[in-house]
Structures are given as structure tokens and as C-alpha cells.
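In UniProt numbering, the protein residues as written are 1 to 206. Cβ atoms here follow ideal geometry from the backbone N, Cα and C, with glycine treated the same way. Below is one structure; the comments refer to it alone.
Right under this line is the structure:
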């Protein structure tokens with residue numbers, strides 16, 4: 001929708017929900033994890049699963065279908081099909097996981113923010129690789145510069161002013177409560193410093 005003639009807010013038309021990486025340990029079923037130890041292990045590694053589950057469930061809601069599997073079941077399924085390795089979640093593997101719910105996806109490498117914007121304009125939600133908390137380019141507690149990438153989040157919208165990209169609207173899952181950001185605007189400079197250039201976009205199979 002257009003806020004003003006000069007200002008434009010682009011939002012994905014699907015009802016993309018927000019999910020955290022944090023496990024609800026009050027759930028007697030541990031959200032599908034086999035043990036508390038498993039849940040603790042995966043909640044700090046669950047960004048890819050939280051992100052793909054947001055997108056799949058958004059499409060499921062739109063179609064009037066039941067939500068996807070539980071957090072834990074999704075993690076185990078992802079591992080089973082080879083979507084996870086020592087470095088984290090494999091983008092092509094997450095695309096394959098989405099296919100099981102009749103959701104198509106495409107992976108991108110060495111891309112830029114305009115490539116992400118182009119997919120949002122096509123009404124395709126994106127999972128992008130960014131620095132956790134959008135802290136790319138900043139100095140960590142050891143005095144080292146934080147590299148771009150390493151964490152997966154969902155881009156659900158973009159903001160333009162006079163035709164120029166101002167930033168993205170994101171769902172940022174985290175294992176730290178302070179970094180769980182739902183429908184949150186990130187200025188374009190912060191996004192650029194944290195964006196690795198790798199992302200995925202998704203759309204429904206009709």
C-alpha cells in the first residue's frame with residue numbers, strides 16, 4: 001500500500017507469522033524435540049528452521065490448510081534430508097524442505113539489496129543471510145569486526161521514498177529474547193552492512 005505519493009510501503013500479501021528460535025520448555029511435548037538437551041542444542045541453531053516455518057505456515061494459512069510440523073519435527077526433517085551441516089543451514093536444503101509443502105523456492109548468491117527488493121516486488125517472501133541482530137560491521141566484545149551473514153531471517157516488506165529503497169521490513173528470529181524482532185523495519189545501511197549477498201525467495205505452487 002502507498003502511505004503517500006512519494007512514500008511507498010511494499011508488504012508481502014501472505015499472512016507471514018513470526019516464530020522465535022526459543023523453545024517453549026513449558027510445553028510438555030517440547031515442541032517436538034526428543035529431549036530437553038536436543039531442544040537446548042537446536043534453539044541456538046534454529047534460525048533457518050524458524051525462518052522457513054514462517055514462510056511455509058504463511059502459505060498454509062493463505063490456503064486454509066493446517067500449520068506445518070512442530071519446531072522439533074521440522075529440525076529433524078531438515079537434518080534427515082541433509083539441509084544442515086557444521087556451518088549451519090544449507091539454502092538448497094531449505095528450498096527442498098519447502099517443496100514438501102508445495103512451496104517453490106530459489107537460491108541467490110553474490111546478490112545485492114536490489115535483488116531482494118525485486119523478489120519482494122514479485123510478492124515473494126525472502127530468507128536472507130545477515131549478521132545476527134544486524135550488527136555487521138560493528139565491533140564485537142573481542143575487538144573484532146563482525147562479518148556479514150551467518151544468521152537467517154525473513155524479509156516480508158520494503159520501504160521506498162521517492163523511489164529510493166530506505167530499508168526492509170523483517171521477521172528476525174533469535175535465541176535471545178531481545179533480538180526477536182517481529183515486523184521490524186531495518187534501515188538500508190544497517191541491512192547492507194549485515195547482508196552476505198546470499199538469500200532465498202519463495203512462492204506457492206498453484
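**Asked** Can you name the start and end residues of the beta strand (DSSP E) that residue 138 belongs to?
**Response** Segment: none, residue 138 is in no beta strand (DSSP E) and carries neither H nor E.
**Asked** Thinking C-alpha only, which one of 161, 139, 198 and 78 is nearest residue 106?
**Response** Ranking 161, 139, 198 and 78 by Cα distance to residue 106 puts 198 first.
**Asked** Three or more C-beta pairs closer than 8 Å, one from the region 164–172 and one from the region 182–189: is that the case here?
**Response** Verdict: yes, contact present.
**Request:** Give every residue of the same chain whose Cβ lies closer than 8 Å to the Cβ of residue 4, excluding the five residues on either side of it in the sequence, and list them in chain order.
**Result:** With a pLDDT of 47 at residue 4, under the threshold of 50, the predicted position of this residue should be treated as unreliable, though the coordinate-derived value follows. Cβ within range, chain order: n/a, list empty.
**Prompt:** What are the boundary residues of the beta strand (DSSP E) that includes residue 182?
**Reply:** According to the DSSP assignment, residue 182 belongs to the beta strand (DSSP E) that extends over 181–187.
**Asked** Taking the C-alpha atoms as reference points, what is the distance between residue 27 and residue 151?
**Response** As the crow flies, the alpha-carbon of residue 27 is around 26 Å from that of residue 151.
**Item:** Close beta carbons around residue 123, own chain, < 8 Å, minus the five adjacent residues each side
**Value:** The beta carbon of residue 123 sits closer than 8 Å to those of 12, 13, 14 and 203, all from its chain and outside the five residues before and after it, given in chain order.
**Message:** The alpha helix (DSSP H) that contains residue 121, what's its start and end?
**Reply:** 113–121 is the extent of the alpha helix (DSSP H) around residue 121.
**Asked** residue 136 to residue 196, Cα distance in whole Å?
**Response** Computed Cα separation, rounded: 9 Å.
**Asked** Is the number of C-beta pairs between the region 168–182 and the region 85–93 that are closer than 8 Å three or more?
**Response** Because the criterion of three Cβ pairs below 8 Å is not met, the region 168–182 and the region 85–93 do not touch.
**Asked** What number of angstroms, rounded off, separates the C-alpha of residue 10 from the C-alpha of residue 24?
**Response** Between the C-alpha atoms of residue 10 and residue 24 there is a straight-line separation of about 32 Å.
**Asked** Should residue 83 and residue 55 be called a contact, given that it needs their Cβ atoms to be closer than 9 Å?
**Response** Annotated as distal: residue 83 and residue 55, with beta-carbon spacing of 9 Å or more.
**Item:** Nearest residue (CA-CA) to residue 69, options 30, 37 and 104
**Value:** Ranked by Cα distance from residue 69, the first of 30, 37 and 104 is 30.
**Asked** In whole angstroms, what separates the C-alpha of residue 119 from that of residue 148?
**Response** Straight-line Cα distance between these residues: approximately 21 Å.
**Prompt:** So residue 58 is in the alpha helix (DSSP H); what residue range does that whole segment cover?
**Reply:** Element bounds for residue 58: 47–63.
**Request:** Check whether the Cβ atoms of residue 126 and residue 154 lie closer than 9 Å to each other.
**Result:** Taking 9 Å as the Cβ cut-off, residue 126 and residue 154 qualify as a contacting pair.
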